[in-house]
């Protein structure tokens, strides 16, 4: 397969559905060999099947990104399978308690969101970078959100805090490793048509119409549109781009 990621090895966490699946497929379409990572084995293996059916190369690795041992194993299996790690999308995440203000937010729900979204991103970067330093470089993209750039009145403090943390973490790590050939960026989508979004919308066409009206483009994002930004960050076309938090939001936060 020909494309901008030919010869590269990519890891996508949260690759079983939504933006993760779209990004894994986009990596493969552009020529990368892909390690698809998720806690949901059946759906993760389905992503691998879709990649292989399209002529790409992929392997599924089950891992909980909040576990040090499992993240280490994820990186080890990537190197064991393909020999190196060139680009990574740290996408695994949960949304927490929707429509819940902080006074009612449960501590265990807060801990879960921070552990998976923020700690998980930190752990993935830590062990991905250890491998990338051995090779002489690589590119990392972290999945943030427009909720990582502005506050939210929806009532989900843990999610917003985790995504703001991912943006800050991405900028800091970009500064730490810029001279060592490692680029780190964040993608910040607005509401995108994913299973997580469907949970938020609750199958209510009126609510979807209201959410779409919040975008200057008048619609929600498609996962493939976010995946295109991820691919660009990982490609040589973005060779002088690091420490950025790119809003893929149809102009939502420009208001």
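Residue numbers (my numbering): 1 to 255. C-beta atoms are modelled at their ideal positions from N, C-alpha and C, and glycine is treated no differently. Since this is a predicted model, take the numbers as computed values, not measurements.
Checklist line | Extent of the continuous beta strand (DSSP E) run through residue 10 | finding: Locating residue 10 in the chain shown gives position 10, counting from the first residue. Residue 10 -> beta strand (DSSP E) spans 9–13.
Item checked: Rounded distance between the beta-carbons of residue 185 and residue 166, thought under 8 Å -> Stepping through the chain shown from its first residue, residue 166 is reached at position 166. Stepping through the chain shown from its first residue, residue 185 is reached at position 185. The beta carbons of residue 166 and residue 185 sit about 11 Å from each other, so the pair does not count as a contact at 8 Å.
Next item on the list: Tell me whether residue 52 sits in a helix, a strand or coil according to DSSP, three-state version.
Entry: As a working mapping, residue 52 is identified with position 52 in the chain shown. The DSSP-derived three-state label of residue 52 is helix.
Checklist line | Three-state secondary structure assigned by DSSP to residue 160 | finding: Against the chain shown, residue 160 aligns to sequence position 160. DSSP, read as helix, strand or coil, puts residue 160 in helix.
Margin query: Looking at residue 18: is its Cβ nearer than 8 Å to the Cβ of residue 92?
Written below: Numbered from its first residue, the chain shown carries residue 18 at position 18. Numbered from its first residue, the chain shown carries residue 92 at position 92. No Cβ-Cβ contact shorter than 8 Å links residue 18 with residue 92.
Next item on the list: Please classify residue 100: does DSSP put it in a helix, a strand, or coil?
Entry: Taking the chain shown and counting its residues from 1, the one referred to as residue 100 is at position 100. When DSSP states are grouped into helix, strand and coil, residue 100 belongs to the strand group.
Checklist line | 8 Å Cβ cutoff met for residue 73 and residue 39 | finding: As a working note, residue 73 is residue 73 in the chain shown. As a working note, residue 39 is residue 39 in the chain shown. For residue 73 and residue 39, no; Cβs fall outside 8 Å.
Margin query: So, at 8 Å on beta carbons, what are the nonlocal neighbours of residue 199 in its own chain, with the 5 sequence-adjacent residues on each side left out?
Written below: Counting from one through the chain shown, the residue named residue 199 turns up at place 199. Counting only Cβ-Cβ distances below 8 Å, and skipping sequence neighbours, we find 95, 98.
Next item on the list: Would you decide whether residue 189 is buried or exposed? Buried here means 16 or more other CB atoms lie within 10 Å of its CB.
Entry: What you label residue 189 is simply residue 189 of the chain shown in a count that begins at 1. Per the 10 Å Cβ criterion, buried.
Item checked: Residues near residue 229 by beta carbon distance below 7 Å, same chain, minus five either side -> Taking the first residue of the chain shown as position 1, residue 229 is located at position 229. Around residue 229, the same chain offers 187, 246, 248 as residues with beta carbons nearer than 7 Å, after the five sequence neighbours per side are excluded.
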